[in-house]
Amino acid sequence: MSTPSLSLPGGTWNLGDLTVTRFGYGAMQLAGPWVMGPPADREGALAVLREAVDLGITHIDTSDAYGPRVTNELIREALHPYRESLHIVTKVGATRDEQGGWPTARRPEDLRRQVHDNLKSLRLDVLDLVNLRLGNAEGPQPGSLAEAFETLVELQQQGLVRHLGVSNATEEQVTEAQSIAPIVCVQNMYNLAHRHDDKLIDRLATEGVAYVPFFPLGGFTPLQSSALSAVAARLKATPMSVALAWLLQRSPNILLIPGTSSTAHLRENIDGAGLSLSHEDVTELDDIGR
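With the first letter of the sequence shown counted as 1, position 2 gets the number 2 in UniProt numbering; the numbers rise by one all the way through.
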């Protein structure tokens, strides 16, 4: 393995028996507009994936629904055969329609097909970690996940999946999943302005379960953006850098998967997430979500 040219912030975390860097990479933005179709710059997309791994990132998040199939095929082309240290996390439970929507697909037959589609497109015999995508485009929705999650447990028992997680889930669904089988991660929307999972994050940290936030800068009002911008200006950093650094400092079980289609932006994200926030900075930022 080549030596990373940047020091990755945050150290590592164990997803079960898989050690990953807390700073990872989300591949969704490598697909075309609205996560549909191929990228405008295919060679650039391949370069970002190779750069991520060369910099030492060992956690890549994807889904066969992105594109659909586009990001998985890019990952395979850029990185296969995969380094032993690299772990690819995917998700099932939603598909794409011709209008670019994300209809749910959580019947047992849907999930079996999606797991096999991911195996095929990534050219793997076993998937390191599969997250069950719950809720819908509006966010988490209440309801039992038992039938869907038990289907993934069956696939795990067949040796097609190593570890399981849930995404876009309520705390009750997290608890229900854990009553059926162990999970190693929860992937939900969370950022400075959306702090609804604070108690869940703290609980998962005590249980050794990772929390992977998506939309790390989503949902800010102009007022909240000005507060974030004020801290960023004081630190001579970008708002995105401050938001990523705050997430890493928020709890040791938080793993980052910011996406980008630019190698320069990838390096900026890594560098920015390594910012050291003072107690004053953190206090000011915490007030945004309150």
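Quick reminder that beta carbons are idealized off the backbone N, C-alpha and C, glycines included.
Exercise for review: Answer yes or no: the CB of Thr104 versus the heavy atoms of the ligand HEM, is any distance below 7 Å?
Suggested key: By its list of ligands, the structure shown contains no ligand whatsoever, and the ligand HEM lies outside what it can speak to.
Exercise for review: Assign Phe23 to one of two classes, buried (16 or more other C-beta atoms within 10 Å of its C-beta) or exposed (fewer than that).
Suggested key: buried
Exercise for review: In angstroms with no decimal places, state the Cα-to-Cα distance between Leu160 and Asp125.
Suggested key: Whole-angstrom Cα-Cα distance: 7 Å.
Review point. Going straight from the alpha carbon of Gln29 to that of Ala94, what length do you get?
Key: In a straight line, the C-alpha of Gln29 is about 17 Å away from that of Ala94.
Review point. Taking Cβ positions, are Leu122 and Asn72 nearer each other than 8 Å?
Key: yes
Exercise for review: State the DSSP-derived secondary structure class of Lys120, mapped to helix, strand or coil.
Suggested key: helix
Review point. Sorted by chain position, which residues of the same chain lie with C-beta nearer than 8 Å to Lys199's C-beta, five sequence neighbours on each side aside?
Key: Glu171
Check your understanding: In the structure shown, what three-state DSSP assignment does Val20 receive?
Key -> If DSSP states are grouped into helix, strand and coil, Val20 belongs with the strands.
Exercise for review: Using alpha carbons as the reference points, say which of Gln114, Leu134, Arg133 lies closest to residue 292.
Suggested key: The requested residue 292 is not part of the displayed model; the chain covers only 1 to 290.
Check your understanding: Taking just the CA atoms, how far does Val186 sit from Ala273?
Key -> 21 Å
Check your understanding: Val89 by DSSP, collapsed to three states: which one?
Key -> strand
Review point. Quick one: is Thr151 near chain D, going by C-beta distance under 8 Å?
Key: The chain labelled as chain D is not found in the depicted structure, where only one protein chain is given.
Exercise for review: Compute the Euclidean distance between the alpha carbons of residue 291 and Val212, then round it to the nearest angstrom.
Suggested key: Any answer about residue 291 is impossible in this case: the structure gives the chain only from 1 up to 290.
Check your understanding: Among the residues of its own chain, which have a CB less than 8 Å from the CB of Val227, if the five just before and after it don't count?
Key -> Looking at the sequence provided, one finds Ala at residue 227 rather than Val. So the qualifying residues of the chain are Glu284, Leu285, Asp287, Ile288.
**Study point:** DSSP state of Ala169 mapped onto helix, strand, coil
**Key:** coil
Exercise for review: For Phe149, name the three-state secondary structure that DSSP assigns.
Suggested key: helix
Point to revise | Alpha-carbon spacing of Pro108 relative to Glu268, whole angstroms | key: 41 Å
**Study point:** Reference Pro68, options Ile88, Tyr82, Leu79, Val92, closest by Cα
**Key:** When only C-alpha atoms are compared, the closest one is Val92.
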